[in-house]
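Worksheet for the structure shown next.
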Amino acid sequence: MASPLDLDQLQTFAVIADCGSFTEAAKRVFKTQSAVSMQIKRLEERLGTSLLAREGRRVTVTHAGEALYHNARRMLQINADIVDLFSKEDLSGTIHIGIPDDYAVRVLPILLSSFQHSHPKIQIDVKCQPSEDLLDGVRSGKYDMIIFTQGTNQKFGELLRSEPMHWVVGKNSKAAELTPVPIACGNKDCCWRLAADDALNAANIDFRIAYTSSNATAITSAVHAGLAVGLLTESSLTPEMRILGPNDGMPDLPHADIAMLRASNAYGGIYNALAEHIKSSLETVIESSAA
11 MASPLDLDQL QTFAVIADCG SFTEAAKRVF KTQSAVSMQI KRLEERLGTS
61 LLAREGRRVT VTHAGEALYH NARRMLQINA DIVDLFSKED LSGTIHIGIP
111 DDYAVRVLPI LLSSFQHSHP KIQIDVKCQP SEDLLDGVRS GKYDMIIFTQ
161 GTNQKFGELL RSEPMHWVVG KNSKAAELTP VPIACGNKDC CWRLAADDAL
211 NAANIDFRIA YTSSNATAIT SAVHAGLAVG LLTESSLTPE MRILGPNDGM
261 PDLPHADIAM LRASNAYGGI YNALAEHIKS SLETVIESSA A
């Protein structure tokens, strides 16, 4: 019977995969760089394969490392769940979380208010950024946890919610009748904007990007002012908006997948407490906010 893998080695490996650096990983797992290197050497010897490759200053995972990474995170989560099950520790500390402003205005304050009420000793440090910046932030160690939009090439993280995306205008706006149709949407690397471009081009609609912002509140303001047709998720809509669809000449859009991603060293204790609160409360908060 094969002996169990070393969880400490697995965590070190997963943290290196997160940040792409032995030096940065050593800081996060509170070990010397030589100790981290030794852990990886022993893990690779144990599995009989190379798990990491150096590309200049950056470290990347091999094909075998990619397969191990997802399973290692599952094992770290299960281990943290077991420890929490028997822990009598009073939860306290600080969690650094990043979130897109789509959820920051209407959803996050309600979520965090209820969490702080039940966990008064846990402090939450929140920063709002576009999803691409949030992903970079969790890799660089800026965040313990992020809520982000999964794009075509970002099918990782834990799916929290899939919600419709809509073309919207102000109730009295004539923006959709203009030629070319003025569109208000995210920046050029925004996955929602890319999806919108594809849908409009496939439908042979003459359009122009008239208003660009990574801030959903700014898009909402442009829509309310009648400047453009906006591209927003269902949870970002307001009563002053009118949804456009095929009957209005606008093409269907794919759903927006909202996911949560944690750093590999952010399992158990306070991190599990916040993650479980978000997962259990998000749908209810969004529905009540919309109502």
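The letter at position 118 of the sequence shown is residue 128 when you use my numbering, and the numbering goes up by one with no holes. Beta carbons: idealized from backbone N, C-alpha and C, even for Gly.
For F96, there is no enclosing beta strand (DSSP E); the residue is found in the alpha helix (DSSP H) stretching over H73 to F96.
The alpha carbon of D16 has as its nearest neighbour, out of L86, F32, A77 and E293, the alpha carbon of L86. Counting other Cβ atoms within 10 Å of its Cβ, R171 reaches 16 or more and is therefore classed as buried.
In this structure A194 is not in contact with Y153, their Cβ atoms being roughly 28 Å apart against a cut-off of 8 Å.
Nearest to I280 by C-alpha distance, out of G30, D100, D262 and I215, is D100. Residue range G103 to I109 is occupied by the beta strand (DSSP E) that includes I105. When rounded, the separation of the alpha-carbon atoms in D18 and D262 is 47 Å. The residue from I296, V295 and A35 with its alpha-carbon nearest to that of V148 is A35. CA-CA distance, S291 to S123, rounds to 12 Å. Annotation: H265 is outside any beta strand (DSSP E) and is labelled neither H nor E by DSSP. A residue is called buried once 16 or more other Cβ atoms fall within 10 Å of its Cβ, and D28 is buried on that count. Per DSSP, Q160 is one residue of the beta strand (DSSP E) stretching across M155 to Q160. Ranked by Cα distance from Q49, the first of V39, H234, T22 and L284 is T22. A distance of 8 Å or more separates the beta carbons of F217 and V233. Looking at the backbone, the Cα of L118 and that of A74 are separated by about 38 Å. The count of Cβ pairs closer than 8 Å, one atom from the stretch 181-188 and one from the stretch 198-216, stays below three, leaving the stretches out of contact. The beta carbon of E293 sits closer than 7 Å to those of R171, all from its chain and outside the five residues before and after it, given in chain order. With a beta-carbon spacing of about 5 Å, L271 and I156 fall inside the 8 Å limit used to define contacts. V46 and R67 have their C-alpha atoms spaced approximately 16 Å apart.
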